[in-house]
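**Q**
Chains as they are written, first to last, in the working numbering: chain B, -6 to 204; chain V, -6 to 204.
(1) Going by other Cβ atoms of all chains shown within 10 Å of its Cβ, with 16 needed for buried, is residue -6 of chain B buried or exposed?
(2) Which same chain residues end up closer than 8 Å to residue 148 of chain B when comparing Cβ atoms and leaving out the 5 residues on each side of it in sequence?
(3) Using 8 Å for Cβ pairs, my map puts residue 171 of chain V next to residue 84 of chain V. What's the rounded Cβ distance?
(4) So which of B:13, B:142, B:36 has the shortest CA-CA distance to residue 60 of chain B?
(5) Does residue 105 of chain V come within less than 7 Å of chain B when only Cβ atoms are used?
(6) Along the stretch 177 to 189 of chain B, where does the CB come closer than 9 Å to a CB of chain V? Name the residues.
(7) Would DSSP call residue 166 of chain V helix, strand or coil?
(8) Using a cut-off of 8 Å between C-beta atoms, extract the partners of residue 76 of chain V located in chain C.
(9) Using a C-beta to C-beta distance shorter than 7 Å, which residues of chain V count as neighbours of residue 73 of chain B?
(10) Check each residue of the stretch 6 to 31 of chain V: if its Cβ is closer than 8 Å to any Cβ of chain B, include it; give the result in chain order.
(11) Which stretch, first to last residue, makes up the beta strand (DSSP E) that contains residue 154 of chain B?
(12) Do you know offhand how far residue 144 of chain V's Cα is from residue 104 of chain V's?
(13) In the stretch 3 to 42 of chain B, which residue ranges form an unbroken alpha helix (DSSP H) of at least 4 residues, counting only runs that do not cross its ends?
(14) Between residue 48 of chain V and chain B, is there a C-beta pair that is closer than 7 Å?
(15) Quick check: residue 2 of chain V and residue 152 of chain V, are their CB atoms within less than 7 Å of each other?
(16) If you check the beta carbons only, do residue 160 of chain V and residue 91 of chain V fall under 7 Å apart?
(17) Between residue 202 of chain V and the rest of its own chain, which residues show a CB-CB distance below 7 Å, the 5 nearest in sequence each way excluded?
(18) Which word fits residue 64 of chain B, buried or exposed, when buried means at least 16 other C-beta atoms lie within 10 angstroms of its C-beta?
(19) Does any CB atom of chain B fall closer than 7 Å to the CB of residue 168 of chain V?
(20) How far does the alpha helix (DSSP H) with residue 112 of chain V in it reach, from first residue to last?
(21) Go to residue 213 of chain B, then tell me how far its alpha helix (DSSP H) extends in each direction, as first and last residue.
(22) In whole angstroms, what is the alpha-carbon distance linking residue 125 of chain B and residue 198 of chain B?
(23) Residue 72 of chain V by DSSP, collapsed to three states: which one?
(24) Looking at residue 117 of chain V: is its Cβ nearer than 7 Å to the Cβ of residue 42 of chain B?
(25) Return yes when the Cβ of residue 27 of chain V is within less than 7 Å of the Cβ of residue 77 of chain V, no when it is not.
(26) Secondary structure at residue 91 of chain B, three-state DSSP: helix, strand or coil?
(27) DSSP state of residue 126 of chain B, grouped into three classes?
(28) For residue 206 of chain B, which residues from the same chain have a beta carbon less than 8 Å from its beta carbon, with the 5 sequence-adjacent residues on both sides left out?
(29) Using a Cβ-Cβ cutoff of less than 7 Å, which residues in the same chain neighbour residue 67 of chain V once the five nearest sequence positions on both sides are dropped?
(30) Would you call the CB atoms of residue 47 of chain V and residue 173 of chain B closer than 7 Å?
(31) What number of angstroms, rounded off, separates the C-alpha of residue 57 of chain V from the C-alpha of residue 112 of chain B?
(32) With a 10 Å radius around its C-beta and 16 neighbouring C-beta atoms as the bar for buried, classify residue 189 of chain V as buried or exposed.
(33) Does the Cβ of residue 71 of chain B have 16 or more other Cβ atoms within 10 Å, making it buried, or fewer, making it exposed?
(34) Considering residue 171 of chain V, what are the terminal residues of the alpha helix (DSSP H) in which it resides?
(35) Give the secondary structure of residue 52 of chain B by DSSP, where H, G and I count as helix, E and B as strand, and everything else as coil.
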């Protein structure tokens, strides 16, 4: 079922609108595949674009940081734009002009709000990074939780844009003796590297990495 | 030789400043490893964060798009922030609090300017995507070049931030029976996928993809 949320003035895609989607399931999948997002916001020094780790719980995207972070303070005072992009391939067409990329991107507008229940949300973050690990590590203490700020933004005002598949060449270029197709890109998970002093056997979330 | 450019008010890294670098060689390497950058800019509708393909020639980062792009118009009228982030691994520490990521990021401030010599710069873009391909494809015609805008921004006001290596655990956590180390992430290049109608033998830039 391809449900769709009507776009706002900010999320109405105008360029290459045939690649746009307002399907929440696609939005969730793009967010869940991300380790970091890029956040654009403006303060007295100008407009900034800062990468930060993110995770999703239900209909919100979460970020965290130190209480002293100027960005986190700023993000509670004004609207911002959060963007996630996955590049899936280089699309080689028969003409230079028709070259493009395959990608999945999500652009979210809104304002971050403070999250009171830091423990539950940060445990969800750990589960995103390494499923099952929270029960194995030394949990956060009161001082560590007190030093950490967690914010969330609703996923309601958002647009996705995706492209996949082969090149779209002009009809008159189809007869040219030029290789056309896609050079795929994806995320590779390498062999886990234990810390030098680590003598503990690798748990399941480590053994499964890259498997 | 680790040369370094003095930071500006906007590029002076304040948080985790020990990870900051103003070395142009590192900046170039981070830009060259990227297929896309994220650009933050502000217009009458708010602050936006838009991903777009990028490439480097010397001391400038280049982008391109349709003449009709609202973003490209806006970027010539005001300063913006261009950010590139590569996530290199998930860093698993013995305590929840000390988990982090390994990454290489670059943040560039400034204003884009129109590039007059579109042919030379777009050929460099093709060389970035697929070395040697420009001579094999149907080159851009006058109409295609006329419809395309190329912009560039100087790499002079920029900061890099990188982290690599094992977790930094608290001394009192080192004896805990918790696996600690890094789960590596990198870019994977998959087997090239020829377009359905393509009967041309793969050229070197396709054969070498992923090799």
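Positions of the beta carbon are idealized from the N, C-alpha and C atoms, including for glycine. These figures come from a predicted structure and were not determined experimentally.
**A** The answer reads as follows:
(1) What you label residue -6 of chain B is simply residue 1 of the first chain in a count that begins at 1. Residue placement at residue -6 of chain B is poorly supported in this model, since its pLDDT is 42, which falls under 50; the coordinates are not used for a value here.
(2) Residue 148 of chain B sits at position 155 when you count from the first residue of the first chain. Cβ within range, chain order: 17, 20, 21, 24, 49, 52, 53, 54, 101.
(3) Start at 1 with the first residue of the second chain, and residue 171 of chain V comes out as number 178. Start at 1 with the first residue of the second chain, and residue 84 of chain V comes out as number 91. So it is not a contact: roughly 13 Å between Cβ atoms.
(4) Working through the first chain from its first residue, we reach residue 60 of chain B at position 67. Cα-wise, what sits closest to residue 60 of chain B is B:142.
(5) Indexing the second chain from 1 puts residue 105 of chain V at position 112. No, because no Cβ of chain B sits closer than 7 Å to the Cβ of residue 105 of chain V.
(6) 177, 178, 179, 180, 181, 182, 183, 184, 185, 186, 187, 188, 189
(7) Residue mapping note: residue 166 of chain V aligns to position 173 of the second chain, counting from 1. Reduced to three states, the DSSP call for residue 166 of chain V is helix.
(8) The question asks about chain C, but that chain is absent: this structure's protein chains are B and V.
(9) Against the first chain, residue 73 of chain B aligns to sequence position 80. By Cβ distance, chain V contributes 40.
(10) With the criterion set as a beta carbon lying under 8 Å from some beta carbon of chain B, the members of the stretch 6 to 31 of chain V are 7, 8, 28, 29, 31, in sequence order.
(11) Here residue 154 of chain B refers to the residue found at position 161 when the first chain is read from its first residue. Per DSSP, residue 154 of chain B belongs to the beta strand (DSSP E) from 151 to 156.
(12) To locate residue 144 of chain V, count along the second chain from 1; it is residue 151. To locate residue 104 of chain V, count along the second chain from 1; it is residue 111. Rounded to the nearest angstrom, the two C-alpha atoms are 10 Å apart.
(13) 17 to 25
(14) Along the second chain, read from residue 1 onward, the residue named residue 48 of chain V stands at position 55. Judged by the 7 Å Cβ criterion, residue 48 of chain V is not in contact with chain B.
(15) Within the second chain, the letter at position 9 stands for residue 2 of chain V. Within the second chain, the letter at position 159 stands for residue 152 of chain V. The answer is no: Cβ separation not under 7 Å.
(16) Within the second chain, residue 160 of chain V is the residue found at index 167, counting from 1. Within the second chain, residue 91 of chain V is the residue found at index 98, counting from 1. Yes, the pair counts as a contact, with Cβ atoms nearer than the cut-off.
(17) Taking the first residue of the second chain as position 1, residue 202 of chain V is located at position 209. These residues qualify, in order along the chain: 182, 185.
(18) Position 71 of the first chain holds residue 64 of chain B. Buried, because 16 or more other Cβ atoms sit within 10 Å of the Cβ of residue 64 of chain B.
(19) Within the second chain, the letter at position 175 stands for residue 168 of chain V. Not one chain B Cβ lies under 7 Å of residue 168 of chain V.
(20) Walking along the second chain from the start, residue 112 of chain V turns up at place 119. First-last of the alpha helix (DSSP H) with residue 112 of chain V: 111 to 122.
(21) Outside the shown range of chain B, which is -6 to 204, sits residue 213 of chain B, and nothing can be said about it.
(22) Here the question's residue 125 of chain B lines up with position 132 in the first chain. Here the question's residue 198 of chain B lines up with position 205 in the first chain. Computed Cα separation, rounded: 7 Å.
(23) Here residue 72 of chain V refers to the residue found at position 79 when the second chain is read from its first residue. Coil, per DSSP.
(24) Taking the second chain and counting its residues from 1, the one referred to as residue 117 of chain V is at position 124. Taking the first chain and counting its residues from 1, the one referred to as residue 42 of chain B is at position 49. For residue 117 of chain V and residue 42 of chain B, no; Cβs fall outside 7 Å.
(25) Position 84 of the second chain, counted from the start, is the residue given in the question as residue 77 of chain V. Position 34 of the second chain, counted from the start, is the residue given in the question as residue 27 of chain V. Going by C-beta atoms, residue 77 of chain V is nearer than 7 Å to residue 27 of chain V.
(26) To locate residue 91 of chain B, count along the first chain from 1; it is residue 98. In the three-state reduction of the DSSP assignment, residue 91 of chain B falls in the helix class, which pools H, G and I.
(27) Residue 126 of chain B sits at position 133 when you count from the first residue of the first chain. It is helical.
(28) Past the boundaries of the shown model lies residue 206 of chain B; chain B is included only from -6 to 204, so the question cannot be answered.
(29) Sequence index remark: in the second chain, residue 67 of chain V carries index 74 (1-based). Excluding sequence neighbours, residue 67 of chain V sits near 34, 36.
(30) Taking the first residue of the second chain as 1, we reach residue 47 of chain V at position 54. Taking the first residue of the first chain as 1, we reach residue 173 of chain B at position 180. Not a contact, by the Cβ cut-off of 7 Å.
(31) Working through the second chain from its first residue, we reach residue 57 of chain V at position 64. Working through the first chain from its first residue, we reach residue 112 of chain B at position 119. Each residue's Cα considered, the two are about 44 Å apart.
(32) Numbered from its first residue, the second chain carries residue 189 of chain V at position 196. In summary, residue 189 of chain V is exposed, with fewer than 16 beta-carbon neighbours lying within 10 Å of its beta-carbon over all protein chains present.
(33) Within the first chain, the letter at position 78 stands for residue 71 of chain B. Residue 71 of chain B comes out exposed.
(34) Stepping through the second chain from its first residue, residue 171 of chain V is reached at position 178. Per DSSP, residue 171 of chain V belongs to no alpha helix (DSSP H) and is neither H nor E.
(35) Your numbering for residue 52 of chain B matches position 59 in the first chain. Residue 52 of chain B falls in the coil class under three-state DSSP.
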